[in-house]
Amino acid sequence: MEIVTKNTIRRYTDGNFIETEDIIAEEFPLTIYLNDVEFATLVCSPDDLEELVIGFLASEGALRSFKEIESMNIDERGGFCHVKVSRELPKDYGTFSKRVLGSCCGKSRQFYFQADVDTAKFSLSETKLTPEQCISLMKEMQEKSTIFKDTGGIHNASIASPDGTIVHKGDIGRHNALDKLYGHCLQNNISVKDKVIVFSGRISSEVLTKASKIGVGIVLSKSAPTDLAIKLAHDLNITAAGFIRGSSFNIYSHPWRIIGADELDTE
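Sequential numbering from 1 applies to the sequence shown in full-length UniProt numbering.
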């Protein structure tokens with residue numbers, strides 16, 4: 001399916017209106033049926049749909065491994081996806097989206113949904129990056145963001161090793177872009193505990209939680225984090241670095257994974 005479309009628009013520039021053609025990102029609703037029960041509707045970019053569904057179901061706790069999928073049929077014209085999994089699911093699917101506030105081990109960890117409490121992971125990653133690698137990975141992610149350059153309406157994310165990008169995905173939804181990465185890794189049996197997420201958008205608590213479910217120890221972003229995301233990053237042992245622009249960036253949690261950051265002279 002096409003993920004962009006062209007539209008005739010009127011642009012105001014230098015005191016005048018002109019008629020021109022603009023490239024617009026497509027928006028596509030996909031309703032997922034899990035074991036014949038309607039599970040969720042995602043609004044997404046209409047590409048990499050199989051990876052999106054796999055990553056979304058795994059992040060919601062409805063899928064523990066790719067091997068649990070018995071069948072998957074996507075009707076692109078109708079916007080439906082039917083998935084059958086081998087595991088027994090809770091009778092009340094509503095608990096997957098039930099809003100909760102919880103704590104763990106006496107710490108300040110807070111979650112908004114039951115599935116997050118059940119599936120968020122404490123990172124055991126020992127992967128480290130040099131500052132130069134952080135900057136290089138962000139530059140590489142932005143260079144691969146061709147649809148964003150055309151439309152300005154796409155979030156981009158990559159799974160990378162310290163040496164470079166492994167897989168890059170884009171979507172109108174920032175969570176969808178991460179789910180596509182997760183689904184790709186599950187489908188292709190790619191271990192992620194020694195990998196890094198490179199992200200174009202703000203690090204919200206939802207994004208940080210999604211990264212913890214994927215299993216990485218480092219999240220790099222060109223944008224800012226929220227306060228709850230930073231708290232979660234501390235509790236989940238994830239290194240969050242943001243505002244990676246030019247030759248500078250900020251580290252908000254667990255700086256030991258960025259080589260040299262713990263050597264800061266504070267006297």
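Even for Gly, the Cβ is constructed at its ideal location relative to N, Cα and C.
For Y12, the enclosing beta strand (DSSP E) covers residues 4-13.
Here S223 is actually not in contact with I135; their C-beta atoms are around 15 Å apart, not less than 8 Å. The count of Cβ pairs closer than 8 Å, one atom from the region 43-57 and one from the region 181-196, reaches three, so the stretches are in contact. Secondary-structure assignment with DSSP links V167 through a beta bridge to I159. Where E38 is concerned, the enclosing beta strand (DSSP E) starts and stops at 37-44. Excluding five sequence positions before and after I74, the CB atoms of its chain that fall closer than 7 Å to its own CB belong to L49, E50, C81, given in chain order. Secondary structure at A120: coil, using DSSP grouped into helix, strand and coil.
The beta carbons of I190 and A211 sit no closer together than 9 Å. Cβ neighbours of D47 within its own chain (closer than 7 Å, five residues either side excluded): M1, I3.
About 17 Å separates the Cβ atoms of T8 and E26, ruling out a contact at the 8 Å cut-off.
A straight line joining the alpha-carbon of M138 with that of P29 spans about 30 Å. I172 sits away from L208, with the two beta carbons spaced by 9 Å or more. Taking the Cα positions, Y33 is about 14 Å away from S86. Between D179 and S65, the beta carbon gap of about 16 Å keeps them out of contact (Cβ cut-off 8 Å). In the DSSP annotation of this structure, Y33 is not part of any alpha helix (DSSP H); the continuous beta strand (DSSP E) holding it starts and ends at 28-34.
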